[in-house]
Structures are given as C-alpha cells and as structure tokens.
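Per the numbering used here, residue 210 is the first one in the sequence shown, and the count goes up by one each step.
Beta carbons are placed, not taken as given, at the ideal position from N, Cα and C, and that holds for glycine.
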Amino acid sequence: MMLRLAAAALMVAAIVNAAGADLPPRFTWLRGANVPRQYISFGEKDVPRPFNTPGSLLMPCSFVRGGNLWTWGGMTYSAAGQGTINAFWVYNASNNMWTWKYGTNTVHQSNQPGGNFGTLFQPAPENIPPARYQCGCWYDSESVELCMFCGRDLAGPSVASSRELVRVSF
C-alpha cells in the first residue's frame, strides 16, 4: 500500500509491507533550488508558470485546500534583501507549478509590512493583512475559511510580535 502526500518541495511516500511493518519514508525532490536563500519570483498574478516561486520561505502559514498546498506570508529573500511577504501562493502538484494568487508582490523590509486590515468585522476584497511570518493557522474545509493568528513582522532592527486574528473566506 502506498500513501502519497504532496508538499511544496517534496513528495513523501510511506510504504507498509505485507507484515504491516513501516518502512522508512522515501523523499522525492519535486521542485525548488537545492541551495539556501533563493529569491522570490512572483510572475503574473493568478498565472502558473515554471519560473514562479516563493523562494526560500521561512515559517509561512501553510494548509491544503482542494488537494493543493497553499501558503501565506513568511520570510523570504529578494535582491533588496531579506523580508516578509503578505502574499498567498498555491502549489499545484499535478502540474508542479507555483502560482501567486493574492496579496502584494513586494518583499517588505523592516517596519514596512504593507497590507490593509480594513474595518473590524467587515470582509472586503481589498483587505489583506500586513506581511508576517510565524503565524498560527487552521483551515476549515466545511466553511471554506482560513483563520490566522498572525505572528511576527520585522520592526526595525528587532522582531515584533502581533496579535491580530484574521479570517479569510474563499
């Protein structure tokens, strides 16, 4: 019996033999560079292309929706340096491509997290949380909503924790 779990940069296959003993997982490199600090490449919003990549992404909010891996936020790299993003990315395992879906195409440097909360309890398409990394998140497939307890941003030379709770309806 083989169980496959698709992820952004690897696929894990757990194999159980006839006696029921677990064998070690086998990892397959699917996509992404094999060196650290790879730059982000947004491409065109909502258009999957082979060169689109969230780059080296540290501590994003990640979840599975519709069989695809989604990420929001995280710390990444650009030519301008290290920063955080407030963009949604989706990895489609069937075509092995990343797509930038929502948010800004900016790597936010210290104390410039971008974003717009809007009005409390009022959902709107232009609302997008500021750039963050290390968020807690959970996806509810029945209500088709994501909830994020936003984590940290780069605030000047230090790191600041944030406390906002955000709901995203798809």
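Closest by C-alpha distance to Phe272, when choosing among Leu329, Met284, Ser265 and Cys344: Within the sequence shown, residue 272 is the residue found at index 63, counting from 1. For the residues Leu329, Met284, Ser265 and Cys344, the minimum Cα distance to Phe272 belongs to Cys344.
Relative to the C-alpha of Met306, which residue among Gly360, Ser371, Asn243 and Pro257 is closest? Residue mapping note: residue 306 aligns to position 97 of the sequence shown, counting from 1. Cα-wise, what sits closest to Met306 is Pro257.
From this set, Glu373, Phe379 and Leu278, which residue's C-alpha is nearest Thr328's C-alpha? Translated into the one-based positions of the sequence shown, residue 328 becomes position 119. Of Glu373, Phe379 and Leu278, the residue nearest in Cα terms is Glu373.
Check whether the segment 245-254 touches the segment 274-286, counting contact only when three or more Cβ pairs, one atom from each stretch, lie closer than 8 Å. yes
So, Asn295 versus Pro338, is the Cβ gap smaller than 8 Å? One-based indexing of the sequence shown puts residue 295 at position 86. One-based indexing of the sequence shown puts residue 338 at position 129. Yes, the pair counts as a contact, with Cβ atoms nearer than the cut-off.
Range of the contiguous beta strand (DSSP E) that encloses Tyr311: Your numbering for residue 311 matches position 102 in the sequence shown. From DSSP, the beta strand (DSSP E) with Tyr311 extends over Met306 to Gly312.
Look at the alpha carbon of Phe330 and the alpha carbon of Leu355, and state the distance between them as a whole number of angstroms. Here residue 330 is taken as the residue at index 121 of the sequence shown, counted from 1. Here residue 355 is taken as the residue at index 146 of the sequence shown, counted from 1. Rounded to whole angstroms, the separation of the alpha carbons of Leu355 and Phe330 is 15 Å.
State the start and end residues of the unbroken beta strand (DSSP E) segment that holds Ser287. In the sequence shown, residue 287 corresponds to position 78, counting from 1. Its beta strand (DSSP E) spans residues Met284 to Ser287.
Nearest candidate by alpha-carbon position, reference Leu267, set Arg274, Val316, Lys254 and Pro332: What you label residue 267 is simply residue 58 of the sequence shown in a count that begins at 1. Measuring from the Cα of Leu267, the nearest candidate turns out to be Val316.
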